[in-house]
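Engineer: My questions will all concern the structure given below.
Numbering (our numbering), first residue to last: 617 to 865.
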């Protein structure tokens, strides 16, 4: 299952690794190349408001508790900040790069931007913040013997295999999320994409979200649910390939 962006599809599903260190630059470049009329970003309005209001405080609290954790574990602060277990928490304190890139395009040329994820998952996640940011939890993460999380390059490689080897509805699971919550979330995203296409008729429409939404996954992913629209799935690291005519998973 491949996509040739030269056929000018009306719907691009762009899959990102949320841990991509080059995510902002790649998003900006890809948006310039695709030149969408509307951008949908996989983040809830609640999550954006929460980070705008509390992000600076959360980052300050994280750094304070991280210093305590490094004193407990005798791990240098500079090394702790580079930990693959700490980096995701740092990112959670700031606005997602997908949103920042889309908002920058809105400010530059006025491209409409909509935050389309549900707030339920965000609110559940916020409930875990006190424990997640505690010095005790940070110390546990710094001394964890668990395998390191997949890198962005690893995630893109996994996504690429799913796109090139699987068929829509293939029985292959890429999520650990609660299945019922996952179904509700994907159904909401599908409804939002279809409504945007019907009411605004953008050409093209670009959806920016985690790569798991845009690969075939047991008939449950956003891609599976929209396959009748012949969406063009792209991975964010393809922004490094060049102009739009060069995109081809």
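All C-beta atoms in this analysis are idealised placements derived from N, C-alpha and C, irrespective of residue type, glycine included.
(1) First and last residue of the beta strand (DSSP E) that includes residue 632?
(2) Going by DSSP, which residues form a beta bridge with residue 655?
(3) Are residue 645 and residue 855 touching if we call contact CB-CB under 7 Å?
(4) Using 8 Å as the threshold, is the segment 636–643 in touch with the segment 798–817, meaning 3 or more CB pairs across them?
(5) Report buried or exposed for residue 628, applying the criterion of at least 16 other Cβ atoms within 10 angstroms of its Cβ.
(6) Looking at C-alpha atoms only, which residue of 658, 674, 747, 668 is the closest neighbour of residue 733?
(7) Report the rounded CA-to-CA distance for residue 671 versus residue 748, giving the unit in angstroms.
(8) When we look at the beta-carbon of residue 727 and count the other beta-carbons within 10 Å, is it buried (16 or more) or exposed?
(9) I want to know whether the segment 703–716 touches the segment 666–685 - three or more CB-CB distances under 8 Å.
(10) In this structure, how does DSSP classify residue 849 when only helix, strand and coil are distinguished?
(11) Rounded to whole angstroms, what's the CA-CA distance from residue 848 to residue 816? Just pull it up for me.
(12) Compare the beta carbon distance of residue 656 and residue 775 with 7 Å and say whether it is the shorter of the two.
(13) Counting along the chain, where does the alpha helix (DSSP H) carrying residue 683 start and finish?
(14) Could you check where the alpha helix (DSSP H) with residue 693 kicks off and where it finishes?
(15) When you compare each of 771, 795, 750 to residue 632 by their alpha carbons, which one comes out closest?
(16) In chain order, what residues of the same chain have a beta carbon less than 6 Å from the beta carbon of residue 721, not counting five sequence neighbours either side?
Structural biologist: By the coordinates alone:
(1) Here residue 632 refers to the residue found at position 16 when the chain shown is read from its first residue. For residue 632, the uninterrupted beta strand (DSSP E) segment begins and ends at 627–632.
(2) Counting from one through the chain shown, the residue named residue 655 turns up at place 39. Paired residue(s): 729, 822.
(3) Along the chain shown, one-based indexing puts residue 645 at 29. Along the chain shown, one-based indexing puts residue 855 at 239. A contact, by the Cβ cut-off of 7 Å.
(4) No contact exists between the segment 636–643 and the segment 798–817.
(5) Against the chain shown, residue 628 aligns to sequence position 12. When all chains shown are included, residue 628 counts as buried.
(6) Counting from one through the chain shown, the residue named residue 733 turns up at place 117. Shortest Cα-Cα distance from residue 733 to any of 658, 674, 747, 668 involves 658.
(7) Position 55 of the chain shown, counted from the start, is the residue given in the question as residue 671. Position 132 of the chain shown, counted from the start, is the residue given in the question as residue 748. Roughly 14 Å separates the two Cα atoms.
(8) Taking the first residue of the chain shown as position 1, residue 727 is located at position 111. With 16 or more Cβ atoms within 10 Å of its Cβ, residue 727 is classed as buried.
(9) Flag = yes, the segment 703–716 and the segment 666–685 touch.
(10) As a first step, residue 849 must be located in the chain shown, where it is residue number 233. It is a strand residue.
(11) Walking along the chain shown from the start, residue 848 turns up at place 232. Walking along the chain shown from the start, residue 816 turns up at place 200. Straight across, the Cα-Cα distance linking residue 848 with residue 816 is about 19 Å.
(12) Residue 656 sits at position 40 when you count from the first residue of the chain shown. Residue 775 sits at position 159 when you count from the first residue of the chain shown. No, the Cβ-Cβ distance between residue 656 and residue 775 is not below 7 Å.
(13) On the chain shown, residue 683 is found 67 positions in, with the first residue counted as 1. Segment 661–689, the alpha helix (DSSP H) holding residue 683.
(14) Translated into positions along the chain shown, residue 693 becomes position 77. If you look at residue 693, you'll find it in the alpha helix (DSSP H) that goes 693–697.
(15) Your numbering for residue 632 matches position 16 in the chain shown. For residue 632, the closest of 771, 795, 750 by C-alpha to C-alpha distance is 771.
(16) Taking the chain shown and counting its residues from 1, the one referred to as residue 721 is at position 105. The residues are 647, 727.
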